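*Asks:* What follows is a single structure, and I will ask about it in a moment.
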Ligand code: ADP
Ligand code: MG
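Residue numbers (the numbering used here): 1 to 315.
Here it is as structure tokens:
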């Protein structure tokens, strides 16, 4: 395939005319208005063995947890409340019953935490690899879902938590590093994200919070989605990126670049949002780390580093 991921998605997007009041391809979720003062949010995501996880390394409980979490995180990214999920698998013969039971236990624990029951799905066999597809339905009061397209010039760009821990955990996994307390904690951050549902809902109540999404591919990629959809540019101050003590320690120990992990790594599942300076000054109800500003023009200017950061790319 020569088309890039985003060119392919644009190609699909251009073929369908969606009703004016719907939101289709291009955000964390599709948004469909309802008659009763709510809007429905719908999102779907796939996890593929060898691409999103390594079967030899992953703990099945964590894989179940993460499969539900990454989808619920897209609902959180819009400021919605998850309502129900659907789970489909393609299962290779090599998978044991214990693996599947543990997977389902992790999936249920995360779902229960957000009151999001499983309502259906599909099960089929796979020749070789495990493939998991999850869809989550959510809702929010009409007009409150936060789009990627709503950033305004002058907005402060914020994230809801540390960046790069998950990417560092992935390095531990891929490099087969010995796991002491530090390494195990980073791996846990990779496999066991907690979607920021309450935080997203709290932010969606504030008129001064404009664009919002969850961070799945790293700021270098995800912030660009907000800029593309909002037709704006950004300045990001590298020195203000929130980095955990664990990340700093691991970078020191292994000679990794924390900025690259924070901006290119992805899978943080924190919220990325833009907020007016007035609303920001009033203190936001959730952890909010300012990392830059929305400006006019195109692209991202990284203040403090003379290079570009593109986030995680699938192709
Ligand atoms: P996220 O990382 O938030 O899950 P993605 O980058 O996966 O978002 O997708 C971006 C947008 O493209 C979403 O609106 C998604 O629904 C849409 N999209 C991705 N793949 C396809 C596809 N094969 N067909 C239609 N829409 C797609
Ligand atoms: Mg998303």
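Virtual Cβ for every residue (Gly too), placed ideally from N, Cα, C. If you're wondering where the values come from, they're calculated on a predicted model, not measured in any experiment.
Checking 7 Å against the spacing of the C-beta atoms, do residue 321 and residue 18 come in under that value?
*Replies:* With the chain represented from 1 up to 315, any question about residue 321 goes unanswered, as that position is not in the structure.
*Asks:* With respect to 6 Å, is the separation between the Cβ of residue 216 and the closest non-hydrogen atom of ligand 2 below this value?
*Replies:* Yes.
*Asks:* Hey, is residue 77 close to ligand 2, as in C-beta under 6 Å from one of its heavy atoms?
*Replies:* True, at least one ligand heavy atom lies under 6 Å from that Cβ.
*Asks:* Straight-line CA distance for residue 268 to residue 212?
*Replies:* One C-alpha to the other measures close to 15 Å.
*Asks:* Hey, out of 247, 304 and 231, whose CA is closest to residue 153's CA?
*Replies:* Measuring from the Cα of residue 153, the nearest candidate turns out to be 231.
*Asks:* Have a look at the DSSP bridge pairing and note the partners of residue 118.
*Replies:* DSSP, once it has assigned bridges, lists 85 as partnering residue 118.
*Asks:* Who are the near neighbours of residue 21 in its chain, counting only those whose CB is closer than 8 Å to its CB and skipping five residues on each side?
*Replies:* Result list for residue 21: 33, in chain order.
*Asks:* Report yes if the CB atom of residue 287 is closer than 7 Å to the CB atom of residue 204, and no otherwise.
*Replies:* Contact: no.
*Asks:* What's the call for residue 277, buried or exposed, on a 16-neighbour Cβ count within 10 Å?
*Replies:* It counts as exposed.
*Asks:* Given a cut-off of 7 Å, decide if residue 79 and residue 201 are closer than it, judged by their beta-carbon atoms.
*Replies:* Yes, the pair counts as a contact, with Cβ atoms nearer than the cut-off.
*Asks:* Could you tell me the alpha carbon to alpha carbon distance between residue 248 and residue 27, rounded to whole angstroms?
*Replies:* Their backbone Cα atoms lie some 32 Å apart in a straight line.
*Asks:* Check whether the Cβ of residue 28 lies closer than 6 Å to any heavy atom of ligand 1, and answer yes or no.
*Replies:* Yes - ligand 1 has a heavy atom lying nearer than 6 Å to the Cβ of residue 28.
*Asks:* Does the Cβ of residue 72 lie closer than 6 Å to at least one heavy atom of ligand 1?
*Replies:* Answer for residue 72: no, Cβ out of range of ligand 1.
*Asks:* So what's residue 306 in DSSP terms, helix, strand or just coil?
*Replies:* Here residue 306 sits in coil by DSSP.
*Asks:* Indicate, with yes or no, if ligand 1 has a heavy atom lying under 6 Å from the CB of residue 12.
*Replies:* Residue 12: yes, Cβ under 6 Å from ligand 1.
*Asks:* In this structure, does DSSP put residue 9 in helix, strand or coil?
*Replies:* Note: residue 9 maps to helix in three-state DSSP.
*Asks:* Check residue 235 in the structure and name its three-state DSSP category.
*Replies:* Three-state DSSP puts residue 235 in a strand.
*Asks:* Nearest to residue 193 by CA position, among 178, 4, 95 and 169, is which residue?
*Replies:* Selected option, being the one with the closest Cα: 169.
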